[in-house]
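See structure below.
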Amino acid sequence: MVDLLPEQTAHWQLIEAKARDHFRRAAISEIRTPLLEVTELFSRGIGEATDVVGKEMYTFLDRGERSCTLRPEGTASVVRAAIQHGLLSQGAQRFWYGGPMFRYERPQAGRQRQFHQIGVELLGFADVRSDVEAIAVAWDLLADLGVGGLALEINSLGSGADRARYREQLVAWLGARADQLDPDSQARIHTNPLRVLDSKNPQTQALLADAPSLADALDPESQERFAQVQRGLDALAIPYLLNRRLVRGLDYYSHTAFEITSSQLGAQATVCGGGRYDGLVEQLGGPVTPAFGWALGMERLALLLAQAGGLEEEGPAPLDLYVVNRGGAAEAMALPLARQCRAAGLAVEIDASGSAFGKQFKRADRSGARWALVIGEEEALDGVVVLKDLRQAGASDQRLTPQDLSTWARTQGLGSC
Ligand code: ATP
Ligand code: MG
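When the letters of the sequence shown are read in order and numbered with my numbering, they come out as residues 656 to 1072.
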């Protein structure tokens, strides 16, 4: 689990602000759910056979002896909330969420145990157009952030019946070659055989080249649906690759599955992933509700943006005013005046060192502030302060009363708002 220091939070805020704006323009509203849920939500909603539920969850008994889990992903919680508050009877819902998720994985670059996602869930949308729209929202956000070198990969997992048929073929095929599979894949033959397709083991991958294909198992209706998704993306000029091995890690997906990957992230290449999950709401006790969603990983996105240099100029928010002050009367004036200026909208830092003016001025310069407010002992006793322009060499200083300062701060504050 990692700390985010101010230099990084400035970047994160930029990403979050962009995301919020894209969601607003796409008429998607924010939902916030608790970090802690009863374990059963995830074991039922994600599936016992998945890595997430099988070995990655932070699960414990609370003081009331209930099994609780720190959320490993957002979808199950959003669906629970929509069911619990009866939102689905009010028509289709468009949600986004953001925040920390927890998975007990092997930490490495782009993979933490507490990580952050931003995600979108469209509940009550059956049409192919919603698949295309949701993918476009993710694609446009990443493009607007300036992340280059991305690839959109898509696949169709077909309907439940398609997958049941395919599963049988695949289990038989894998079973006959179990001795050639890596141990993880061997264990998955009967618990989660589709996930074997997704194996990162090179030998298993080579073997799978001849495995029966899920694409061939799709019935004509599912195939037509997938063709429509592709035509929809074509119409928006969003480029994509067909990846017939792409199966998402979670059990509840059907039909469209997609990932947006970057070649610059090493082994942790997926920035964003999602797809259609028509069965989940019903599985969690709600009405039959087709749905589509995705989640993107903030850490991986921030890594990409840092590599692209797109965040360099986005340091912490700039400072307007640095208060230089020394001596009892001066120091007593500093905070009240700073508060006045802050109330007017300015970003103000007070030098609290009590050190010599020369040292305080050096810090004022280093702070990047536009102005210095200088409060000396003599001026303080006269009830005036000095305003110094730190950017314009040769500009003359202004002597102001607290009243004048307040008026000045209001005009400046309006400008910086
Ligand atoms: P992966 O195959 O990389 O483990 P996943 O299929 O488990 O990903 P999802 O559950 O679909 O991932 O989560 C969506 C996104 O969240 C991922 O594409 C990734 O960007 C991010 N993500 C998932 N797990 C982690 C993690 N442990 N640390 C950082 N980011 C993560
Ligand atoms: Mg994972």
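Note that CB positions come from ideal geometry on N, CA and C, so glycine has one too.
Leaving aside the five residues that flank A989 on each side, the residues in its chain whose CB is nearer than 7 Å to its CB run, in chain order, V978, N980, I1005, I1030. DSSP lists W1026 as the bridge partner or partners of D1044. By the 16-neighbour rule on beta-carbons within 10 angstroms, M953 is buried.
Look at the beta carbons and you see the region 759-774 touching the region 913-924: at least three pairs across the two are nearer than 8 Å. When the Cα atoms are used, R758 and E711 turn out to be separated by approximately 5 Å. Burial check for M756: the Cβ neighbour count within 10 Å reaches 16 or more, so the residue is buried. Per the coordinates, the alpha-carbon of L716 lies some 21 Å from the alpha-carbon of R735. T688 and R749 have their C-alpha atoms some 15 Å from each other. The closest CA to that of A1019, considering only L974, V884, P991, is found on L974.
With a 10 Å radius around the Cβ and a threshold of 16 neighbouring Cβ atoms, L797 comes out buried. Residue pairing by DSSP places T1066 opposite no residue, since no beta bridge is assigned to it. Taking every protein chain shown into account, the CB of R1046 has fewer than 16 other CB atoms within 10 angstroms, so this residue is exposed. Exclusion of the five residues before and after Q767 leaves M656, V657, E954 as the residues of its chain whose Cβ lies within less than 7 Å of its Cβ. When secondary structure is reduced to three states using DSSP, Y821 falls in the helix class. The DSSP assignment places complete alpha helix (DSSP H) segments of no fewer than 4 residues inside the region 929-991 at 935-938, 953-963, in order along the chain.
A789 has its CB no nearer than 8 Å to any heavy atom of the ligand ATP. In the DSSP assignment, A747 is bridged to no other residue. S811 carries a strand assignment under DSSP once its states are collapsed to helix, strand and coil. Secondary structure note for R1018: its alpha helix (DSSP H) is the uninterrupted segment 1012-1021. Membership of V787 in the alpha helix (DSSP H) is indicated by the continuous run 783-799. Taking all protein chains in view, the Cβ of A950 is crowded by 16 or more other Cβ atoms within 10 Å, so the residue is classified as buried.
In the pairwise beta carbon analysis, the region 869-886 is classified as touching the region 803-812: at least three pairs are separated by under 8 Å.
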